[in-house]
Structure formats: C-alpha cells, structure tokens
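Encoded as structure tokens, the structure appears first; notes follow it.
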Amino acid sequence: MPATTSSSATSLSELDRRIVLATQAGLPLDPRPFHRVAHMIGASPELVGARLKAMLASGQIRRIGVVPNHYRLGYVANGMTVWDVPDRCVARYGERIGALDFVSHCYHRPRHRPVWPYNLFAMVHGENRTVVREKAAVIANMLGNDCTDHDVLFSKRILKKTGLRLGQPQTSSSRY
Amino acid sequence: MAIRPPSGESKPMLDELDKRIINELQGGFPICDDPFALVARRFDIDEQMLISNIRRLLDLGILSRFGPMYHAERMGGGLTLCAMAVPDDRFEEVAQAVNQHAAVAHNYEREHELNMWFVLATEDASEIASVIAAIEAQTGCKIYNMPKIEEFYVGLHLAV
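If you read the sequences in order, they're chains A and B.
Letter by letter, the first sequence follows residues 10 to 185 of our numbering.
Letter by letter, the second sequence follows residues 4 to 163 of our numbering.
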C-alpha cells in the first residue's frame, strides 16, 4: 500500500500537542515509559496510551521504535538518486523502487525545468560511492526506456541535522 | 560548524542482541504499562538488560532516536525539500544564514549545480511560504521548492 500524503491534516488538540512535545526527542528509558510521559504532562497513563494508539491508527505516528544511524552503521555514502520518468508511470515505479532494501525514502516531487528535470527521488545508502552507484544501476535497469535522464547527488557534508521539532520559534539563532 | 560523517573505520561491533534491537525494534514497540518487559520476554532477556542496551546504543550514536516517529504533514505541519544553487565563494555564509532558521531540520551540501539541499519543517503548513521568502530575501539565492507529491512506502531497513 502506498502511503500517500494526507490531505486531511487536522490541527492538534492541546493534549496531543503536549504528548508530542514530551516524546518527540524520545521515550523515557524507564520500565513504565508511558506512565512517565503521563506524569510529565499531567494526564492519566490510560489517556496517554489511548491517544498514542489513536495517533498510530490515524498515521500521525508512523511507528514507535528505534531509529538506526546510517553513518554509525557504516553506510557512510548516501546518494540522492533522481530520475525523469513520465508522470503517468511515476507511481508504479515509485512503489517498486520503494520496496528495494537499499532505498530509505522514495518520493514523487515536482520538476523545475530546465534546471531540474527529475520527478522521482530515491535515497540510496551504501558503504561507499561505488556501492551506491551499483545500486543506482539496479534502479536504472528497472526503469529502462521509461527513464530519459537521471543523476546521483552525493552528499558532501551535513550542514545541519536537528530533526523535526515542534514548539520552537521559527527564526531563532541556532547552534550552527 | 559542519558536522562530517564519521569515517567507515569507526564502524562498531554489534553483538546478537544489538542486532535484534536494530532489526526488530524499528517499529511495533507496544503501548502498555510495561512495554520493555514485554519486548524483553520476546528477546529472552530481562527488562533492565533491554533498557540498558538501548541506552548504550543511543549513547554510542548507533541509534539516533528511540520513540514515536511523527508524520509531520498528518500532524498539520508543513514539510518540504528545498534546493539552491549557491556560488562557491558564498557557500559558508549562505549555509549559516539558512541554518539559523529553526524551520531548517536538515541541510546537506551535495555535488551538483544545486549544491545546497535542506528540509523545512514547520508546525503549521502555512508557515512554509514565509520561511522560503525570508531565506530568499536574506541570501539572494532562488529556492527550488520540491514538496512531495506522493510518498512511496518503504519498509524498515538497515538490516545488520
């Protein structure tokens, strides 16, 4: 099933907002983490559990678990592979490319011709650039003649990485 | 300033429990009174051992996070990918100006004419346009805005 962008985003209730603020940096490493969260925000553990389950069911929470760090696991090369495919078949290919085990993100995005002709993005991770290029070749093979142009944009430097955070002013000075 | 990814030679040694935590706990953490105890039973270890191993993997940076992964757009937030072609001699200055915005969640230098790629994340979707306008005015560089049209499902990856 493709996870398409939801058009029915609702603004958060005050309770949900407090739950997000208390958990977006991580769950407490406590035997009863949801009780701890409930205590932090002054709600009952039952209510916190019920809201988290509801947010999981609605897709507001994608999943609950660990997020491995690619770099620390030795996947030091990352290439944003970008492809120009006809719009009519981008969804079909997107689903197949997203299913490849070396692709961590896969999106249909707008072109900006003539500077940017690409509409399908797949993030590919590997131990080095050669491996990433080999994996990009697998995608090129899948697309065949339906792909008129493609590129692999390797990352040179991480300039900033803070993740998504609610509850911050939008133009504060930052550590970077 | 810039954070460089650590080089490959610092690749950590992982034992079987580390691998199970990384491979089997990327989703599905139970919402109940004693979730660690429940998962620990499945792993055939005790609760404290699971908790201390997750803590260790977080401290080592092998895990970058443990908890709920929120879906920004479904929470009403704005999220988009932006690209700019920044002249080489202004790159550091522009990077600093861009990074100063709290809405910039990640920023990468990439090898292309469009050499700066950043993700904007705002609590309210309507804020994206004003952040883009502010960065363009501040840097004099055109932003190519590439919000996702469709997201394709990707499984849980990075088996170790």
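Using N, Cα and C, we set each Cβ at its ideal position, and we do this for glycine too.
Note that the structure is a prediction, hence the values are computed from the model and not measured.
Checklist entry - G68 (chain A): which of B:G64, B:S55, B:M72 sits nearest, CA to CA? => result Out of B:G64, B:S55, B:M72, the CA that lies nearest to the CA of G68 (chain A) is found in B:M72.
Item to check | Under 8 Å between C-beta atoms of K165 (chain A) and E112 (chain B) | outcome: yes
Item to check | CB contact check: H117 (chain A) to chain B, cutoff 8 Å | outcome: So yes, H117 (chain A) belongs to the interface.
Item to check | Span separating the alpha-carbon of F155 (chain B) from that of F163 (chain A) | outcome: 21 Å
Checklist entry - Is there at least one non-hydrogen atom of the ligand FAD closer than 7 Å to the beta-carbon of M132 (chain A)? => result The ligand FAD is not part of this structure, which contains no ligands at all.
Checklist entry - For M64 (chain A), which of helix, strand or coil comes out of DSSP? => result helix
Checklist entry - The alpha helix (DSSP H) spanning L152 (chain A) covers which residue range? => result 138 to 152
Item to check | Residue closest to G2 (chain B), alpha-carbon to alpha-carbon, out of B:A136, B:V122, B:E19 | outcome: No answer is possible for residue 2 (chain B): it lies beyond the span of chain B, which begins at 4 and ends at 163.
Checklist entry - Who are the neighbours of R72 (chain A) on chain B, taking C-beta pairs under 9 Å? => result Q29, G30, G31, F32, P71, M72, L159
Next on the checklist: Can you find the residues in the same chain that come closer than 8 Å, C-beta to C-beta, to E136 (chain A), ignoring five residues on each side of it along the sequence?
Outcome noted: Listed in chain order, the non-local C-beta contacts of E136 (chain A) below 8 Å within the same chain comprise G83, Y84, V85, A86, local neighbours out to five positions each way being set aside.
Checklist entry - With 16 as the cutoff for other CB atoms within 10 Å, does S113 (chain A) come out buried or exposed? => result buried
Checklist entry - When burial is assigned at 16 or more other CB atoms within 10 Å of the CB, is D62 (chain B) buried or exposed? => result exposed
Checklist entry - In the structure shown, what three-state DSSP assignment does I57 (chain B) receive? => result Residue state, collapsed to three classes: helix.
Item to check | Minimum C-alpha distance to I152 (chain B) - residue among A:C115, A:W125, A:P126 | outcome: A:C115
Checklist entry - Excluding sequence positions up to five away, which residues of its chain have a Cβ less than 7 Å from the Cβ of P38 (chain B)? => result F32
Item to check | Run of the beta strand (DSSP E) containing Y73 (chain B), from where it starts to where it stops | outcome: 66 to 73
Item to check | Status (buried if at least 16 other CB within 10 Å, exposed otherwise) for V124 (chain A) | outcome: With fewer than 16 neighbouring CB atoms inside 10 Å of its own CB, V124 (chain A) falls in the exposed class.
Checklist entry - Whose Cβ in chain A lies nearer than 9 Å to the Cβ of E112 (chain B)? => result Those are S164, K165, R166, I167, L168, listed as they occur along chain A.
Next on the checklist: My assumption, with CB atoms under 8 Å, is that R193 (chain A) sits in contact with N128 (chain A). Please give the rounded CB distance.
Outcome noted: No information on residue 193 (chain A) is available, as it lies outside the stretch 10 to 185 that chain A covers here.
Checklist entry - Nearest-angstrom Cα distance between S15 (chain A) and E76 (chain B)? => result Interpretation of S15 (chain A) is limited by its pLDDT of 41, a score under 50 that renders its predicted location unreliable; no figure is taken from the coordinates.
Checklist entry - Does DSSP put Y156 (chain B) in a helix, a strand or coil? => result coil
Next on the checklist: So, with DSSP's three-state summary, where would you put K169 (chain A)?
Outcome noted: DSSP places K169 (chain A) in strand when its eight states are reduced to three.
Checklist entry - In chain order, what residues of the stretch 80 to 110 of chain A put their CB closer than 8 Å to some CB of chain B? => result Y80, R81, L82, G83, Y84, V85, M89, V99, A100, G103, E104, I106, G107, A108, D110
Checklist entry - In chain order, what residues of the same chain lie with their CB nearer than 7 Å to the CB of S10 (chain B), ignoring the 5 residues before and after it? => result Note that S10 (chain B) scores 47 on pLDDT, short of 50, meaning its location in the model is unreliable; the coordinates nonetheless yield the value given after this. Excluding residues within five positions, none has a Cβ falling inside 7 Å.
Next on the checklist: For the beta strand (DSSP E) containing P123 (chain A), name the first residue and the last one.
Outcome noted: No beta strand (DSSP E) contains P123 (chain A), which DSSP labels as neither H nor E.
Next on the checklist: Taking only three categories from DSSP, how would you classify M149 (chain B)?
Outcome noted: Taken through DSSP and simplified to helix, strand or coil, M149 (chain B) comes out as strand.
Item to check | CB contact flag (V164 (chain B), G103 (chain A), <8 Å) | outcome: No information on residue 164 (chain B) is available, as it lies outside the stretch 4 to 163 that chain B covers here.
Next on the checklist: Does R44 (chain B) come out as helix, strand or coil in the three-state DSSP assignment?
Outcome noted: Reduced to three states, the DSSP call for R44 (chain B) is helix.
Next on the checklist: By the DSSP assignment, the alpha helix (DSSP H) with E27 (chain B) in it spans what residues?
Outcome noted: 19 to 27
Item to check | Within 8 Å, strictly: CB atoms of L24 (chain A) and A52 (chain A) | outcome: yes
Next on the checklist: Along the stretch 25 to 37 of chain A, where does the CB come closer than 7 Å to a CB of chain B? Name the residues.
Outcome noted: V29, T32, Q33, G35, L36
Checklist entry - On the three-state DSSP scale, how would you describe H104 (chain B)? => result coil
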